[in-house]
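Residue numbers (UniProt numbering): 1 to 364.
In structure tokens:
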């Protein structure tokens, strides 16, 4: 057995090399444990997310059914991913030796491995599509802004379908791949998939944050200071978007780095973690924005909704006095914001702006 000699205070001792190296079976056990913890966190946030949806729906406020359905789909996919991992662990460690367990996990073309890959890929695509949808709404449904992110998503989906799923049914690609995804034909395919996902999420998150930041600046120039203090502060929103998105982005970057470096054990651990992390990030944005959490984690005013509807409106909660601001000549964002505090907006002569209720296009 190969030994690693370590000297501490002139008292060397020996550690077997294989203890420090992650085999496939060890990485799967560690990955499953971390995935289970992350899944527990995700379940908590998923329930909180459903409570937010129900609270808005039960009080007569409109909700985006796109995000309601997406939440349910993501939860189902992440749960299936965990269930497949449980089945694989039970089968792998039903063998008598660690070598047999390693051999089981080397079978990347097995049915359960293919199902796990398909589920993770689907979770990634749903997450990317939702990120694009958020960006599309924030940018006032501008297809021009969405051209590059949309092309990246289409390229990501098309590339994986062409190289992976067509290969599953023809069996040609899998014969070329053999029992590893760390050398040979799989490398450029998977690297391209992870890189495209990384760029798509990073681009959309920054576009959303920039739009909200720029909108706040224009509102600050258009609305008097006394009124601005009662309107919602977009800083909290774009910080929430960046903070939540950076968690997924950092995990994805670490996984891609591990794959490029050939650290198979580390890569497999991150691969198990990615599905619940995607669910956590998706739910976290909704929960934090809706419950009014500040970037530092403390409580703030309730951000009951963020909507993009009528030109240049800042609108109060329906239960409070409504004095929306309409200054189209001074700022351009197509924006409607709901806050929980009463707002009393007036021009420089003290005359309130005309109230322009608009409840037709509430969006998350």
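Where is the CB? At the ideal position from N, CA and C, for every residue including glycine.
Because the structure is a prediction, the values reported are computed rather than measured.
Legend entry - Beta carbon of residue 287 nearer than 9 Å to that of residue 52: The answer is yes: Cβ separation under 9 Å.
Inset, instruction - Classify residue 44 as helix, strand or coil using the three-state DSSP reduction. - result: Residue 44 carries a helical assignment under DSSP once its states are collapsed to helix, strand and coil.
Inset, instruction - Please classify residue 90: is it buried, with 16 or more other beta-carbons within 10 angstroms of its beta-carbon, or exposed? - result: Classification for residue 90: exposed.
Inset, instruction - Please state if the CB of residue 138 and the CB of residue 207 are separated by a distance shorter than 9 Å. - result: In terms of Cβ geometry, residue 207 and residue 138 form a close pair [threshold 9 Å].
Legend entry - For residue 31 and residue 85, the rounded distance between their alpha carbons: Whole-angstrom Cα-Cα distance: 9 Å.
Inset, instruction - Just the C-alpha distance for residue 111 and residue 87, rounded to the nearest angstrom, thanks. - result: So the alpha carbons of these two residues sit roughly 12 Å apart.
Inset, instruction - Could you say if the region 246–258 and the region 267–277 meet the contact criterion of at least three C-beta pairs nearer than 8 Å? - result: With three or more CB-CB distances shorter than 8 Å, the region 246–258 counts as touching the region 267–277.
Inset, instruction - Please state whether DSSP places residue 193 in a helix, a strand or coil. - result: If DSSP states are grouped into helix, strand and coil, residue 193 belongs with the helices.
Inset, instruction - Give the C-beta separation of residue 435 and residue 265 to the nearest angstrom, bearing in mind that I take them to be a contact with Cβ-Cβ under 8 Å. - result: Because residue 435 is not part of the residues shown, which for the chain are 1 to 364, the question remains open.
Inset, instruction - Rounded to whole angstroms, what's the CA-CA distance from residue 140 to residue 214? Just pull it up for me. - result: When rounded, the distance between both Cα atoms is 13 Å.
Inset, instruction - Output the boundary residues of the alpha helix (DSSP H) element that contains residue 108. - result: In the DSSP annotation of this structure, residue 108 is not part of any alpha helix (DSSP H), being labelled neither H nor E.
Legend entry - Contact under 9 Å by Cβ, residue 27 with residue 212: Cβ atoms of residue 27 and residue 212: not closer than 9 Å.
Legend entry - Selection from 220, 191, 210 that minimises the alpha carbon distance to residue 261: For residue 261, the nearest C-alpha among the options comes from 191.
Legend entry - As assigned by DSSP and simplified to three states, the class of residue 146: Correct three-state label for residue 146: helix.
Legend entry - residue 259 versus residue 188: straight-line alpha-carbon distance, rounded: About 11 Å.
Legend entry - Cβ-based neighbour list, residue 115, same chain, cut-off 6 Å, excluding 5 preceding and 5 following: Cβ within range, chain order: 84.
Legend entry - For residue 103, the three-state DSSP class (helix, strand or coil): Of the three classes helix, strand and coil, the one that applies to residue 103 here is helix, per DSSP.
Legend entry - Whole-angstrom distance between residue 47 and residue 218, CA atom to CA atom: Taking the CA atoms as reference points, residue 218 sits about 36 Å from residue 47.
Legend entry - Top-ranked residue by Cα proximity to residue 240, from 195, 289, 162: That would be 289, whose Cα lies nearest to the Cα of residue 240.
Legend entry - Span of the alpha helix (DSSP H) around residue 63: Boundaries cannot be given for residue 63, as no alpha helix (DSSP H) includes it and DSSP labels it neither H nor E.
Legend entry - Exposed unless 16 or more other CB atoms sit within 10 angstroms - verdict on residue 278: Its Cβ being crowded by 16 or more others within 10 Å, residue 278 is buried.
Inset, instruction - Determine the contact status of residue 143 and residue 193, defining contact as a CB-CB distance below 9 Å. - result: Residue 193 sits away from residue 143, with the two beta carbons spaced by 9 Å or more.
Inset, instruction - Express the C-alpha separation of residue 182 and residue 117 in angstroms, rounding to a whole number. - result: For residue 117 and residue 182, the distance between alpha carbons rounds to 15 Å.
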